[in-house]
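Q:
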Amino acid sequence: MSEQIINSPCGVKGTIGFYPGCSLKGSSSEYAQSVLAVAKAFDIELQEIQDWNCCGSTAAHNLNKELALSLSARILALSEKQGLTEVVVPCAACYNRLTVTQHELNNDAALKQRVCDIIDMPIKGNLQILNVMQMIDKYVADRLEEKVTTPFGHKVACYYGCLLVRPHNILQFDRLEDPQSMDILMKRSGAEPIEWGFKTECCGAGFSVSRTDVVAKLSGNIVKDAADRGAEAIIVACPMCQSNLDMRRPQINEYLKQKIDIPVIYITQAIGLAVGLSPKEVGLQKHFVPAQFA
Amino acid sequence: MSKIGVFICHCGENISATVDCERVAAEAGKMDGVEFATDYKYMCSDPGQTLIKNAIKEKGLTGVVVGACSPRMHEPTFRKACAEAGLNPYLCEMSNLREHCSWVHEKNEQTTEKAIDLVKMLVEKVKKNKPLNAIKVPITKKALVIGGGIAGIQAALDIANAGQQVIMVEKEPSIGGHMSQLSETFPTLDCSQCILTPRMVEVAQHPNITLYTYAELEHLDGFIGNFKATIRLKAKSVDYKLCTGCGACTTKCPNKKIPSEFNEGLGMRTAIYTPFPQAVPNKPVIDRANCTYYQKGKCKVCEKVCPTGAIQYDLPDQFITEDIGAVVIATGFNVLKTDFFPEYGYGKYADVLTGLQFERLASASGPTLGEIRRPSDGKVPKKIVFIACSGSRDPAKGIPYCSKICCMYTAKHAMLYQHKVHDGESYVFYMDIRAGGKNYEEFVRRAIEDDGVNYIRGRVARIYEKDGKYIVKGADTLLGSKPVEIEADMVVLATAGVSNPGAEELAQKMHVSYDAYKFFAEAHPKLKPVETNTAGIFLCGACQAPKDIPETVGMASGAAAKVIGLFSNNELTREPLIAVVNRSAPPVFSTCVGCFMCQTACPYNAIEREEIKGRDGSVIKTVAKVNPGLCQGCGTCVAFCRSKAIDIQGFSNEQMFAEVMALMNE
Amino acid sequence: MINNQKSIHELQLHTGVNVNRCYQCGKCTAGCQLADEMDFPPSMVMHMLQTKDEELLQQLLNSKTIWLCISCQNCIERCPMSIDIPHIMDYLREKSAGEHKINRQSRDIVAFHRAFLDSIKYTGRLYEIGLVAGYKARTFHLTQDVVLAPKMYAKGKLPLVPEMIKGTRNIKGIFRKTAP
Amino acid sequence: MEDVLIEKKPAIAGNSFSGELQKTANELLQSGEVELFIGYEEGTRFPRPCFIASTDEVGKLIFDDRCTGNLAVYLTRKDLIGDKKVGITASYFALRSILRLLTEHQIQLDKLVVLTVSAEKEVIRFATTDDITAYLQTAPIPVREDDKALIEKLNAMSREERWEFWSAELSKCFKCYACRAACPMCYCTKCIVEENRPQWIQPWASTLANIEWHINRAMHMTGRCADCGACGAACPLGLPIHLLSHQIVQEVTDNFALDVNQAVSGDNALSTFKPEDKENFIK
Amino acid sequence: MGRLGGALMSEFEPKIVAFVCNWCTYAGADLTGTSRIKYASNVKIVRFPCTGRIDFMLLLKAFAEGADGIIVSGCHPNDCHYTSGNFHARRRWVIFRGLLNFMGIDVNRIQFSWVSAAEGAKWADVVNGTVTTIRELGPYTEYRKAADYLVQQDKSIIDGQEALIKSVSSL
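Chains as they are written, first to last, in our numbering: chain A, 485 to 778; chain B, 1031 to 1696; chain C, 12 to 191; chain D, 43 to 325; chain E, -3 to 167.
#1: On the CB-based measure, 16 or more other CB atoms within 10 Å of its CB, does alanine 95 (chain D) come out buried or exposed?
#2: Please state the DSSP three-state secondary structure of glycine 1400 (chain B).
#3: For glycine 1090 (chain B), does the count of other Cβ atoms within 10 angstroms reach 16, so buried, or fall short, so exposed?
#4: Looking only at its own chain, which residues have a Cβ that is under 8 Å from the Cβ of glutamate 487 (chain A), when we skip the five neighbours before and after it?
#5: When you check each C-beta in the stretch 238 to 263 of chain D against every C-beta of chain B, which residues fall closer than 9 Å?
#6: For cysteine 225 (chain D), which residues of its own chain have a beta-carbon under 7 Å away from its beta-carbon, when the five flanking residues on both sides are left out?
#7: What is the DSSP secondary structure of isoleucine 113 (chain C), counted as helix, strand or coil?
#8: Short of 7 Å Cβ to Cβ, which residues in the stretch 43 to 74 of chain C face chain B?
#9: Can you have a look at leucine 47 (chain D) and say buried or exposed, based on whether 16 or more other CB atoms are within 10 angstroms of its CB?
#10: If we cut at 8 Å on Cβ distances, does lysine 183 (chain C) have a partner in chain A?
#11: Could you tell me the alpha carbon to alpha carbon distance between glycine 1 (chain E) and leucine 95 (chain E), rounded to whole angstroms?
#12: Could you give the distance in angstroms between the alpha-carbon of glycine 1396 (chain B) and the alpha-carbon of aspartate 1381 (chain B)?
#13: In terms of residue numbering, what span does the alpha helix (DSSP H) encompassing methionine 724 (chain A) cover?
#14: Examine chain B for any beta-carbon lying closer than 8 Å to the beta-carbon of glutamate 661 (chain A), and answer yes or no.
#15: Going along chain C, which residues have a C-beta under 9 Å from proline 1576 (chain B)?
#16: Taking serine 80 (chain E) as the query, report the chain D residues whose CB atoms sit under 8 Å from its CB, ordered along the chain.
#17: When you compare each of D:Leu113, D:Glu83, D:Pro245, D:Leu117 to lysine 102 (chain D) by their alpha carbons, which one comes out closest?
#18: Hey, is leucine 702 (chain A)'s beta-carbon within less than 8 Å of any beta-carbon in chain C?
#19: Under 7 Å between beta-carbons, which chain C residues line up against glutamate 550 (chain A)? List them in chain order, please.
#20: Looking at arginine 222 (chain D): is its Cβ nearer than 8 Å to the Cβ of cysteine 228 (chain D)?
#21: If you count every other CB in all the chains shown that lies within 10 Å of the CB of tryptophan 208 (chain D), and 16 or more means buried, which is it?
#22: Buried or exposed for leucine 1509 (chain B), please, with buried defined as at least 16 other CB atoms from any protein chain shown within 10 angstroms of its CB.
#23: Taking 8 Å as the limit between beta carbons, can you name the residues of its chain near glutamine 531 (chain A), skipping five residues before and five after?
#24: So threonine 1507 (chain B) and histidine 1541 (chain B) are supposed to be a Cβ contact under 8 Å. How far apart are they, rounded?
#25: Determine the DSSP secondary structure at threonine 1142 (chain B), reduced to helix, strand or coil.
#26: Is there a C-beta anywhere in chain E that falls below 8 Å from the one on isoleucine 283 (chain D)?
#27: For a contact defined as C-beta to C-beta under 7 Å, what are the partners of serine 1100 (chain B) on chain E?
#28: Strictly below 8 Å CB to CB, what residues from chain E border asparagine 1084 (chain B)?
#29: Taking the alpha carbon of cysteine 36 (chain C) as the point to measure from, which residue in B:Gly1193, B:Arg1423, B:Thr1338 has its own alpha carbon closest?
#30: Apply the 10 Å Cβ neighbour rule to valine 1649 (chain B) and answer buried if 16 or more other Cβ atoms are within range, or exposed otherwise.
#31: With respect to the beta strand (DSSP E) encompassing serine 54 (chain C), which residues constitute its N-terminal and C-terminal limits?
#32: How is tyrosine 1439 (chain B) classed by DSSP in three states: helix, strand or coil?
#33: Please confirm whether glycine 510 (chain A) has its beta-carbon closer than 8 Å to some beta-carbon of chain B.
#34: Counting only beta-carbon atoms, is isoleucine 490 (chain A) nearer than 8 Å to chain B?
#35: Taking the alpha-carbon positions, what's the asparagine 1768 (chain B) to isoleucine 1169 (chain B) distance?
#36: Using alpha carbons as the reference points, say which of D:Leu157, D:Arg87, D:Leu78 lies closest to aspartate 121 (chain D).
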C-alpha cells in the first residue's frame, strides 16, 4: 500500500480558503471546531469565504440541475474573487458538489457561460478543492507523526461514505473501492484501523429526516459491521455521515434490535486528540453517543 | 511510337446486345497510337486469343487493350496470351465493357459512347505501361515457431511431419503452456495433461524440430522466405548436455518458498527447478533472481549434490542466429489476476481465486492433489461462488470483449466442484451463457440439470470478508432484480483472457500489427485468419484472441498448412505490381528526400532506409527503398509522396494520369 | 404499447446517456443499497427505458425509485459500461417534478428537498430549524423528532436565529433564473 | 484587400533582449561548438536574417518581438550550411518547424544548437526535442490579429463568394515560388511543380495551374505546417496564401484532435490514422 | 458544343468519374453488372489498387478536364484488402474536403462512399444518387473557367476591345 495517499498537486503554501458549509455552522459545529483547531495546531491559516451560500446539496441536485450548479458555482466564483487558489471543504457533500460543478463547467463552455450569467460573476475554474484528508496530506502529513503526543491508541473503523470518493473519475481522490487515505492518517496518529466491509457504503445521507427508516437500516449495517469487528470508534469526514450514525443511533439500535454504543467522531477530532488537544477543544462533548477516550 | 492493338469482344451477345461493338472497334482504330482494332464474338475463346497473338506478331504491337469483361475475370487469360505471343504480359490491359457497361445500361447511343470512352481510357493508359517481370524470391525452408503451448506444439509437429525443419522457441523452462496447467477439459472432461504430454514428448524427440526452451526471440530481420532470427538463450545455469534430470538438485535446494508460476502461486517451488514433473525438457534451470547463491554469493548446494557436475553458475545468456523462411507466432494469452478487481477486494482475499488457480486446485498434479481446499486455511469450501465475466465485457475497468472461454470453463469448474465436494453448494453468477460449440450447450445443461449448479443471472457488485466468509452481494435479475447475498467459503473469478505482457514488444520486433488489446492482428478477419499483414509471418492460438483448445489446434494446423504451402516451392513468384523509389544519376541519386513519412503509412513495413554512399564510404544521402518481398502494392505511399519519388508499377502516376486525362477529352 | 422514441432521444440529449448501452448485467442493482426499497431497481429502470414504452416511462416518473435514489454513485462506479444512472435519475426526478407526477408515497422526500431549498432561497444558507419547520408544515409530521431538537440545541448544534448572507439578492436571482 | 493581410507589425524598439544572446553566441562560436550562427540583425525596416561565422560579427545579433521570420528555412539549405555545426535563434514558429524537420530526418540535433529568447529575456538553449515541446506548450503563441478579420470574412462568405475571392486572388500569382523558398517545409529535392512525367501542374501561370499549385502546397503541409505565415509574408503580391496552410492546420486540429504542436512533433497526421476517425461525409 | 456549358439544364447529362479500389468497389460494380442492375451511364470507372493510392491531384485533374462530379469509393473501414489503405485515404479526404471548401470549390460534387464487393445494389444507388445530385448542381463550368487559359486570354482581349470600342464611340 502506498503511503503517499493522495495525488495532491503541489501548490505554494499560502492562505487557504475555508468553506464550512451549512452543517458545520449548525448541527456539526464540532467538525468546524476541530478542523480549525487542527489547522491552528499545524500553523495552517484558513480564511473563510466571505458571504458563502449553501451548495444546494442533494435537494437542489435532485430537483433542479441548473440551480444546483449555480449555487455551487457562486461559491467557486466568490473564492476566486477573494483571490484564493485553494479551498478546504470539510463536508464531503459540499466537497463533492463543488468539485463536480467545477469539473462540469470546465468541460462545457456553453454551460459555463450560462451559469456565469445566472450568478452574475465570472469563473476561471482553476480552484484546488481539498477535503480534509487532502489538506492534511498536503500540509501536515509529513509532520504528523512527530507532532503526535498522545497516540490515538484505539481500533478504529474508517468510514468514508459515498460522496468523498465518488465519482472517482472527477474527484480523482484515493482509490475506487476500499480507500486508504483516512486509514493511513489514522495509523500515523497512533490508531489501529481495521479491515472492514462498509467503508464506502452509503449511510442514507439526505434521508435523515424524510426517510428515517432507510437511514436506520443503512447506517445500522455500517455501525454493526464496525462494532462486530471490534472497532472502538468510527472515524468520519462528513457531517451527514456523522449525524446519521450518531444522532440516529436510537433508531439504528431499534432496527438492529441491539444496543451499540460505538462513538462516531471526525477525523480531525481524532487527530486533534493525538496532537494533544483537549476533548473540549475538538468538541467531543457535542456528540449524542458519548465519545470518551482514555 | 506506340502500336496499340484494340480487341473488342461481343461476349456472345452479352456486350453486343447493348453496345455497338463494330463501332467501338472502328472508333478505336482512329485513336492516336492505335495500330490495329477489331471485334470478335468470343475474344477469350481459342480463336479469339489466336487473333490477338497473330496481331501482336504481325503488326508488332507494343500494347494491347481488350475490351471485354471485367479484368478481375479474364486479365490473367489475356496477359498469358500476350506473353505467349512474345509481348510482355504487363503491356496488356482490359477495358470492362460488360460488367461496367453493357450489363448495366440500356441499349442506346450513350452506352456505345461510354464503351468507346472506356476503351480510350485504357488505350491511353497502356501507352504508358512498362514491361515488368515477375519477382522471384528464394525461400529458406525452415520455420520458426514462437511459443511452445498447444498452438505452437501443433503447428511445429504439422510442419515437421511434412518434412520441413522447425525451430521452436519457448520462454519458460518447459513447453506445455497454459494447457499443461489445466485439470480436465470441456466438454469431455478428459484430463488435459494426459492428452498433452505425449505431444510435448513428440516435439522433443522429433528429428525435424530443434527446441530452445528458456529462450526468446531477440530480433527478426528480413522478409518472407528470407528472415534472419536472433534468439536469446537465457542462461539456465545448468549444462543440459551433462544434466540427466535426476532431480537431486531440486530436492536439496534450500530455498523452497518461491511461489510456483505453474501452480499460479498456490504452491511453492525451489530456486533451481523444473516447472512441473512432466516438464519437457525435464531438466532444471536456476531462477537467478531467487537463488541464494546469486543473491548472497553463498550456497552452491546444487553444485555439491549434482552427480554429473552439470551446474555452471557462470553461463551467460547466449545468442544464436538462424535463417528462417517463415514464422509462426503462437505466444498464447494471459489471464487477469484477482488484484485487478477493486470491488472484489483488490486481490487481498486469499480464497478469491482466478479460474486458472482453480484449475490448479482441481488438478491431480496440483498443490492439493486435486482436492478443493481453501488456500487460506485448507478447509474444504462448502459454498462456492463462481463469477463469470470478471473483467470481460467491462469497458469501464476491464476489456470490452467477451473472452469466449469463460462460460465453458466456469461450467466445468462448477461441475468439477460438485463432483469433488458432494455436499457442497455452488453458485454461478452469469449474464449470458455463451456455449456455442460442439457439445458445449449440452455440457452446460449437464452442470445445471445433473450436477445442480445454481445459475443466477446477474453480476456481483462486491465481495467483502466477514468472519472467514466472503459476503457476495449480487442480484437475481430474473427475479425482478432481487438482491442476493451469499456467504461463500470460496469465490472463483472467471477473469478475462488478455494478451501477454510482452506481446506488444514482440509484435514491434517482428513488424506485425496488433489490435487495441495488444492481440496480434490477422491479415483479414474472414479470409486470412492465420496470416499477419507481414508476408511469411503466421499466427495461431490465443495470441490472436482468447480461444479454446479445439479452435487453437485447428488454427495451428491452418498456420502450419500455410507454411508447408510456402515451403513447397524453391522460389516465391510474386506479381511485380509493387512500389519502387526512383533512382537517378548523381548528384541527385533519387528525388526521394528521405522524410520517411511513407514508412509510417506503409501497412507492410515494406519501406526501408537505404544509405547512398560516396566512393569514400561516406553517406551522401539516405533515401527510401521498397522491399519487394514485403510490398503488397497498395500504393498508399505513392499518393502520399510529395515529390512523387515513389511510384507503383502497373498503376503508376503516368498511367493513372493518362487514364484520367483521356477520360474527358472529347 | 406506445413506442416513444422521442422521450428516449430527449433523455439522451439531456443526460448524454445511451440507454441501449446497458446489457442488463444487474451489477448496479446488486450494489444499490436502496434496491430493496425501490419499486423498480436500477437495472430494471434501464430496461424499462430501453423498451421505449411510453407507459413504462410514465410508471418511472411515478415511481418511488427515482426519489429513493440517493446519488451515492455505487452503480456508475461499478457499471461495466460506465452508464451514468445517477444522471438519469436526476433527469427523471426533474421531469417527474416538472410534470407533477411525483409518487404519492415519496412526497415526504420531495417536501424535504423543497423545504431545504426554501431555506436557501431566503437566507442563502440552510437554517436547520427553519428546514424542519418547513418540512413539518408540508408533511404534517408535526411530532417527528420532537425529542431530537431540544437535545441538539442543548449540544450547541442548532442556532435559533437564521444566519443571513449579504448576497441574498444574488441568491434569489439564481433561483429566479433557474426556475423551471 | 492585401493590405489588410500582410500588414506588418509596427516595429517595437527598445524591447530588444540582445545582450545575453550576443554573449551566448559569442561563447558558442569561440568554443567551436558552433561554426555558423543563424540569427537576426537590424534591417532597414525590419530585422533580417544574418549568418555569423566569426565572433567579430556577434554584435549585430538581435532578437525581439519583431523577429518573427522563420529562420528554420535555412537549416535545410545544404549550400549554406554544408556539414557545419549550426546555432540558431528560433522564434516560436521556427521551433515548431525545427521539431518537424527533426521528425522528418532532415536535421540532426547533434549538429545544431537551438536557442530562443523567452518573454522574460532569458536565452534558452534546448537540449532535447522534449525541451522544445515543453517550451512550446508553455510559451505564449504569438497571435496574428491581422489574419483573423479576413478568416472571419471568408467564413461568412457563401461558397461561391469564396471561390470568386480565391480564384481572383490566385489568378494574380505569377509562380515566382517565393512562398516555397520561404517555407522550411519545402525542402524537397524535386518539387511537384518540377515533375513532368506526368506534368501534374502546367508550368505557366494561369488561374487553374496557380490554384493547383497552391492546393498542392497546402495539402503537402498537412500535419507539418508551423502556421508561421512565412509563405504569405514572402508573397510579393501579398496574396493571403498562408491562410490555405492555416486552414489545413485548423482541419488537422478539428478532425484529428491534434494541435499544431502535437502535429509537428509526432508521426504525420496523414501517414497515421485512427479507426474511429470521422467519416460523416462518406456514404 | 463548347465546354462552357451552353446546354440547357433539362438536357444536362453530367459527366462523372469514379475512382474506385480494385478489391471492394470495383468488384462491387462487377456484381452490379452480373446482377444486371441498371444505372445511369454517366459514370466511368477508373480502377486503383486501393483508395490509399488515389492521389488528390487526379480529382482536380478530372474537374479540370470536364468532370461535373466525382465518386471516390473503396472498402468499408476494417475491410481494406491492404488493412489500412482506406483509413489513410479517409484522412486525406477529410483534409482535402476542408481545404476545397475553404477555397470555395464545391465539395458536394465529390461523393465519397464505401461499397463492398457484395454491395452491387448500393453501387447502382451511389451512381444514380450522384447523377441526380450533380444534375441539380448543374455543369461545373465555374471551375473549368479557371482551367481554360485560352478562354481567359480571349476574354481579356475582348474586354480590351470593348473598352476600346467604347472609348472610340464616346469620342
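C-beta atoms are modelled at their ideal positions from N, C-alpha and C, and glycine is treated no differently.
A: So, from the data block:
#1: Residue 95 (chain D) sits at position 53 when you count from the first residue of the fourth sequence. Per the 10 Å Cβ criterion, exposed.
#2: For this step, residue 1400 (chain B) is matched to residue 370 along the second sequence. Of the three classes helix, strand and coil, the one that applies to glycine 1400 (chain B) here is coil, per DSSP.
#3: Here residue 1090 (chain B) refers to the residue found at position 60 of the second sequence. So glycine 1090 (chain B) counts as exposed.
#4: Position 3 of the first sequence, counted from the first residue, corresponds to residue 487 (chain A). With a pLDDT of 38 at glutamate 487 (chain A), under the threshold of 50, the predicted position of this residue should be treated as unreliable, though the coordinate-derived value follows. Excluding positions up to five away in sequence, the list reads Ile668.
#5: Arg239, Pro240, Gln241, Trp242, Asn258, Met261, His262
#6: Position 183 of the fourth sequence holds residue 225 (chain D). Hits under 7 Å: Val115, Ala272, Cys273.
#7: Taking the first residue of the third sequence as 1, we reach residue 113 (chain C) at position 102. The answer is coil: DSSP assigns isoleucine 113 (chain C) none of H, G, I, E or B.
#8: Ala46, Asp47, Pro52, Ser54, Met55
#9: Walking along the fourth sequence from the start, residue 47 (chain D) turns up at place 5. Note that leucine 47 (chain D) scores a pLDDT of 37, beneath 50, so its modelled location is shaky and nothing firm can be said.
#10: What you label residue 183 (chain C) is simply residue 172 of the third sequence in a count that begins at 1. With 8 Å as the cut-off, lysine 183 (chain C) does not count as an interface residue toward chain A.
#11: As a working mapping, residue 1 (chain E) is identified with position 5 in the fifth sequence. As a working mapping, residue 95 (chain E) is identified with position 99 in the fifth sequence. Confidence is the limiting factor: at glycine 1 (chain E) the pLDDT is only 39, short of 50, which leaves the residue's position unreliable and the question unanswerable from this model.
#12: By 1-based counting over the second sequence, the position of residue 1396 (chain B) is 366. By 1-based counting over the second sequence, the position of residue 1381 (chain B) is 351. C-alpha separation (whole angstroms): 16 Å.
#13: In the first sequence, the residue the question calls residue 724 (chain A) occupies position 240. Under the DSSP assignment, methionine 724 (chain A) falls in the alpha helix (DSSP H) whose first and last residues are 723 to 730.
#14: By 1-based counting over the first sequence, the position of residue 661 (chain A) is 177. Yes, glutamate 661 (chain A) counts as interfacial toward chain B.
#15: For this step, residue 1576 (chain B) is matched to residue 546 along the second sequence. Those do not exist, as proline 1576 (chain B) stays about 17 Å from chain C at its closest Cβ, beyond 9 Å.
#16: Here residue 80 (chain E) refers to the residue found at position 84 when the fifth sequence is read from its first residue. Those are Phe315, listed as they occur along chain D.
#17: Here residue 102 (chain D) is taken as the residue at index 60 of the fourth sequence, counted from 1. That would be D:Glu83, whose Cα lies nearest to the Cα of lysine 102 (chain D).
#18: Taking the first sequence and counting its residues from 1, one reaches residue 702 (chain A) at position 218. It does: the Cβ of leucine 702 (chain A) has a partner Cβ on chain C nearer than 8 Å.
#19: Here residue 550 (chain A) refers to the residue found at position 66 when the first sequence is read from its first residue. What glutamate 550 (chain A) touches in chain C: Thr189.
#20: Position 180 of the fourth sequence, counted from the start, is the residue given in the question as residue 222 (chain D). Position 186 of the fourth sequence, counted from the start, is the residue given in the question as residue 228 (chain D). For arginine 222 (chain D) and cysteine 228 (chain D), yes; Cβs fall inside 8 Å.
#21: Locating residue 208 (chain D) in the fourth sequence gives position 166, where the first residue counts as 1. Buried, since its Cβ has 16 or more Cβ neighbours within 10 Å.
#22: For the purposes of this step, residue 1509 (chain B) is identified with residue 479 of the second sequence, where counting begins at 1. Exposed: under 16 other Cβ atoms inside 10 Å.
#23: Residue numbering aside, residue 531 (chain A) sits at position 47 when the first sequence is read from its first letter. Excluding positions up to five away in sequence, the list reads Thr499, Ile500, Gly501, Phe502, Gln566, Leu568.
#24: The sequence position of residue 1507 (chain B) within the second sequence is 477, counting from 1. The sequence position of residue 1541 (chain B) within the second sequence is 511, counting from 1. Between histidine 1541 (chain B) and threonine 1507 (chain B) the Cβ distance is about 46 Å, and since that is not below 8 Å, they are no contact.
#25: Here residue 1142 (chain B) refers to the residue found at position 112 when the second sequence is read from its first residue. In this structure, threonine 1142 (chain B) counts as helix in the three-state DSSP scheme.
#26: By 1-based counting over the fourth sequence, the position of residue 283 (chain D) is 241. No - not a single Cβ of chain E is within 8 Å of the one on isoleucine 283 (chain D).
#27: The sequence position of residue 1100 (chain B) within the second sequence is 70, counting from 1. Correct list: Asp26.
#28: Stepping through the second sequence from its first residue, residue 1084 (chain B) is reached at position 54. In chain order: nothing, as chain E lies at least about 28 Å away.
#29: In the third sequence, the residue the question calls residue 36 (chain C) occupies position 25. Here the closest residue by C-alpha is B:Arg1423.
#30: Here residue 1649 (chain B) corresponds to residue number 619 of the second sequence, with the count starting at 1. The residue in question, valine 1649 (chain B), is exposed, as its Cβ has fewer than 16 Cβ neighbours within 10 Å.
#31: Here the question's residue 54 (chain C) lines up with position 43 in the third sequence. No beta strand (DSSP E) holds serine 54 (chain C); the alpha helix (DSSP H) holding it covers 53 to 61.
#32: Walking along the second sequence from the start, residue 1439 (chain B) turns up at place 409. Here tyrosine 1439 (chain B) sits in helix by DSSP.
#33: Along the first sequence, read from residue 1 onward, the residue named residue 510 (chain A) stands at position 26. Glycine 510 (chain A) does not count as touching chain B.
#34: What you label residue 490 (chain A) is simply residue 6 of the first sequence in a count that begins at 1. Any reading at isoleucine 490 (chain A) must be qualified, since the residue scores a pLDDT of 38, below 50, and its modelled position is unreliable; the value itself is stated next. Chain B, which has no Cβ nearer than 8 Å to the Cβ of isoleucine 490 (chain A), makes this no.
#35: The first residue shown for chain B is 1031 and the last is 1696, placing residue 1768 (chain B) beyond what the model contains.
#36: Here residue 121 (chain D) refers to the residue found at position 79 of the fourth sequence. For aspartate 121 (chain D), the nearest C-alpha among the options comes from D:Leu78.
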